[in-house]
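Here is the structure we will look at.
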Ligand code: BGC
C-alpha cells in the first residue's frame, strides 16, 4: 500500500542523522526582542481599532486571513496581517500549523504536481522515552526546517501536559507523568525548532489532562499541585527556551477558563516567569471574548467562541470597546505582544517557502529517534535479540495494521509508513506462510473511518482467530514468535478501560496464550511488540511471554525501528516516562477520572484533582503500591554497574536561591554488548512543614554508547528552583532544612539503591509568587499533599 523506502538511502541517511544528533544547538534567532517590541509599538500606534481587533481575532478555519502570503493548504489557522497604504503598514499574516509529531499540512494541492508531505516523527511520549534532550533537539530542528520549508511561521507544538491518568486520549502527544522530564524534553524541542527562525507554541496551558467535555470541563486543582506538577514544565520552558507563543487550554481551572484567567496568563506567565511571547487560545476555546482579551490572552483562535463566527466575534469586541469594557491600552498591549512575534516570522520577512524539506534525512532521523526511545520491558532468558539465523513466526494483525501515530491535530500526513511486517522482513528471516496469511486477511477485512475532526484516516481490522494447526505448525517450523498488538488514540475522546483499549481483546489474549503454550512446548520463546498510544493492562499476560518491547507509535519508519531493536542492530536504551500500573484501579486519579456530573444534566462537568502532587510514581512510591513496570524503567541487551555517587558541590547554604547541588556518578557497561544507559537522580526530602512524595526525579543523564567494560562519569546539577516545593500558605517556593538523600538509579524503583546525603542548614526561599493566584474556589478542602477532598 505504501511506497517502500530504499534501504540504501536509509542507511546512508542514518549516518547523516547520527552526525546531526551530535551537533550543538545553533540558535540563529538573533532578533533583538526589545528592538522588535519598539518597532511593534510604533506600528500598532498607527493602526486603526479595527485593524488591531483583527489581529486579536484569528480568521478561522479555511480562511487564510488578511494580507496573507502564499497559501499553505491544510494548516490549522492564521494570525491576520495588516495592509494599509495610508499608514504604510504591510504586515503579512502568520501561518500556524500543528502538531507534536511533525508538521500537519495537506500533502496535495489541486492542480499542483508537487507534493507537500511532512515527516511523521515518533509521538511525544516516545521522544521523551529516549531521555535524550540532544536527540530531541535534533528532531525539533528537523520539524522547524520542515515548517520553514513549507511556509509555516508558528508550529502549534509541543504538547506538554502531564499524563495524569492513562486514559487521557491525548497522552500520546505529551511527554510524561513527571514535570522534570516534561520540562527538559519540551525545552530541547523548542530550542531545536526555533533555531530555524520559526516560532514554537507550547500547549495546552494548563491542566488539559483529559478530553471528556474538554471545552467546558472545570478542573478543581490545588495551587500546590498546579505549581509543582502541572505548571512546572511550562515555567521551565518559558524561562530557558523562550517559546514565541503559548496556547491556553480548553478547560477551566478552579472555575474559570484558562484563557480568561488574568492570574494565569498575565500575573504568573508574564510577571512571574517573564514570558515575552504571544498567548493564543486553543481553537474555539473559552466563553467570553472580552474576558480573554482583558486577561491577556492576546489572540483568540480562530475567531469563534464556542463556534460563533468570526464576524460575530469581532462585532462583540467592537461593541465591548464602544461600551468601554475593553480599553485602548489593553488592545494595544495585546496587539504589541502579537506583532512583536509576527515580525520575526518568515512570512513577515517575505521569505518564500522553498517547499523542499530534506524528507530522506528526516526519515532516517525519525527512525533513529524511535530506536533511541523504544523500551525493552522484559527479556527473559535473552529472548532478544533475534539473530538472522532464526526463523520468526509473526502473529498479530498489527504487523499490517501498524499505527504510526495518533489521530486529529497530532497526526502528520507522511509520504509513507513502513509497517511492522515490512520492517521485520527487511532485517530478519520471517515465516512467509504466516506473513501471507495476515496480508490476505488484512486486505480482505480492512475498513476505514475518519477521526471525529475529519483529519485522519483510521484503518480497522479484526484480529483473525488462527487454528491450532496454524499455530502448532509455526511452533514446529519456526524458532521464535513475535506477536504484535496495536492501538491508536486521538484528541477529543478519552480512552476506556474496556477490552480493545486499556485491556486486550479476547482474541489478543487468546493469541498470546495459545502461541506461548505452543512455542514453549517446543522450547521456543515468544516476544510481544506493543505498537500502542499509551499505557495498557499488562499484569494478566506479561508472565506468559518471554520478551516485551514497547514501541509506542514510532512514526513513519515504525517497522524499521522495531526491527532495529528486535534484531539487536540497536541496543534498546529507552525508559518509561509513565508508570504501567498493576491494575487501572491503582491509578491515584482512577476514582475521579473522567470527572463528575455535578448538576445532573447527564454531562461530566467537573474534575476533582484528588491526587494533588501524588501523580504517577510520586503516588506509587509514597504508598508502596506495587506496579507492573515502574516509571523510569527499561532494559538493555547489556548490563550497567552504578558506582557510588559523589556530591561534588552543595552551594545552596551559601548562595540560597542562586545555589545548586551537583553530583557525579560513574556508570560502567558490565555486559557483553555496547549500549547506552539512562541514569536517574531521585531525591528524598527530610520531614518538614510540607509533606513531600517519597521520591522525586530531579535530574537525569544518558551515557554515550559504551563498549563492554567502558565507563562514563555523568554529571548532574540540581538548581535551587527544582529542589523547592510550593508553600501555598505563604505563596512561595521553599527548600526546607534537613538531610536530603540522593539516589542515582536505573529506575524509580530505588529499593536496592544506596543513597548519598546532602544537608540544608536553614530554609531557603527560592521565589515569591503572586498572592492567591489560581486559588481554589470557596468551599473546597485539600489534604496534606494538595489533593482536593471529594465527598
Ligand atoms: C487542539 C490543538 C490544536 C488546534 C489546531 C485543537 O483542537 O486542541 O492542540 O493545535 O486544534 O488544530
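In mature numbering (1 follows the signal peptide of the UniProt record, and there is no 0), the protein residues as written are -24 to -1, 1 to 767.
Each residue gets a CB set at the ideal place from its N, CA and C atoms; glycine is no exception.
In this text the structure is predicted, and so the values were computed from the model without any measurement.
{"Check": "Closer than 7 Å to a non-hydrogen atom of the ligand BGC - does that hold for the CB of residue 467?", "Outcome": "yes"}
{"Check": "Out of 288, 104, 333, which one is the CA nearest neighbour of residue 391?", "Outcome": "333"}
{"Check": "For residue 424, write down the residues that DSSP places opposite it in a beta bridge.", "Outcome": "435"}
{"Check": "Report the option in 207, 217, 216 whose CA atom is closest to the CA atom of residue 224.", "Outcome": "207"}
{"Check": "To the nearest whole angstrom, what separates the beta carbons of residue 51 and residue 73, a pair I think is in contact under 8 Å?", "Outcome": "4 Å"}
{"Check": "Give the DSSP-derived three-state secondary structure of residue 164 in the structure shown.", "Outcome": "helix"}
{"Check": "Within 10 angstroms of the Cβ of residue 213, are there 16 or more other Cβ atoms? Answer buried if so, exposed if not.", "Outcome": "buried"}
{"Check": "Name, in chain order, the residues that DSSP records as bridge partners for residue 639.", "Outcome": "623, 692"}
{"Check": "In this structure, how does DSSP classify residue 607 when only helix, strand and coil are distinguished?", "Outcome": "coil"}
{"Check": "Quick one: what does DSSP say residue 587 is sitting in, helix, strand or coil?", "Outcome": "coil"}
{"Check": "For residue 651 and residue 547, which I take to be in contact (beta-carbon distance under 8 Å), what is that distance rounded to the nearest angstrom?", "Outcome": "4 Å"}
{"Check": "Quick check on residue 37 - is its C-beta less than 8 Å from some C-beta in chain D?", "Outcome": "Here there is only one protein chain, and chain D is not present."}
{"Check": "Nearest by alpha-carbon distance to residue 395: which of 409, 370, 473, 189 is it?", "Outcome": "370"}
{"Check": "Using the C-alpha atoms, what's the distance from residue 171 back to residue 255?", "Outcome": "20 Å"}
{"Check": "Relative to the ligand BGC, is the shortest distance from any of its heavy atoms to the C-beta of residue 38 smaller than 7 Å?", "Outcome": "no"}
{"Check": "Please work out which residues of its chain come closer than 7 Å, Cβ to Cβ, to residue 231, disregarding the five sequence neighbours upstream and downstream, and give them in chain order.", "Outcome": "194, 753"}
{"Check": "Less than 7 Å separating the Cβ of residue 179 from some heavy atom of the ligand BGC?", "Outcome": "yes"}
{"Check": "I believe residue 311 touches residue 266 by the beta-carbon criterion, under 8 Å. Please report the beta-carbon distance rounded to the nearest angstrom.", "Outcome": "In fact, because the Cβ distance is near 16 Å, the residues do not count as touching under 8 Å."}
{"Check": "Can you give the Cα-Cα distance for residue 57 and residue 44, rounded to whole angstroms?", "Outcome": "7 Å"}
{"Check": "Please name the residue in 42, 159, 626 whose C-alpha comes closest to that of residue 736.", "Outcome": "626"}
{"Check": "Using the beta-carbon count (16 or more within 10 Å), is residue 363 buried or exposed?", "Outcome": "exposed"}
{"Check": "Within 10 angstroms of the Cβ of residue 491, are there 16 or more other Cβ atoms? Answer buried if so, exposed if not.", "Outcome": "buried"}
{"Check": "Looking only at its chain, what residues have a beta carbon closer than 8 Å to the beta carbon of residue 85, apart from the 5 residues adjacent to it on each side?", "Outcome": "49, 92"}
{"Check": "Of the residues 601, 525, 344, 687, which one's Cα is nearest the Cα of residue 108?", "Outcome": "344"}
{"Check": "I'd like the ranges of any alpha helix (DSSP H) spanning at least 4 consecutive residues and lying wholly in the segment 287 to 361.", "Outcome": "304 to 318, 335 to 349"}
{"Check": "For residue 447, I'd like the list of residues in its chain whose CB is within less than 7 Å of its CB, leaving aside the five on either flank, ordered along the chain.", "Outcome": "490, 491, 494"}
{"Check": "So does the segment 375 to 387 actually touch the segment 59 to 78, counting three or more Cβ pairs closer than 8 Å?", "Outcome": "yes"}
{"Check": "What residue from 453, 669, 723, 609 has the CA that sits closest to residue 770's CA?", "Outcome": "Not covered by the structure: residue 770. The range shown for the chain is -24 to 767."}
{"Check": "Tell me where the beta strand (DSSP E) around residue 717 begins and ends.", "Outcome": "714 to 721"}
{"Check": "Where does residue 442 fall in DSSP's three states?", "Outcome": "coil"}
{"Check": "Tell me which same chain residues have a C-beta within less than 8 Å of the C-beta of residue 486, skipping the five on either side of it?", "Outcome": "441"}
{"Check": "Taking the straight line between their C-alpha atoms, what separation do you get for residue 654 and residue 722?", "Outcome": "7 Å"}
{"Check": "With 16 other CB atoms within 10 Å as the buried threshold, where does residue 462 fall?", "Outcome": "buried"}
{"Check": "Take residue 558 and list the residues in its own chain whose beta-carbon comes closer than 6 Å to its own, dropping the five residues that flank it on each side.", "Outcome": "515, 602, 603, 604"}
{"Check": "Whole angstroms are fine: how far does the CA of residue 566 sit from the CA of residue 542?", "Outcome": "34 Å"}
{"Check": "On the DSSP letters alone, give me the boundaries of the alpha helix (DSSP H) that residue 113 sits inside.", "Outcome": "109 to 125"}
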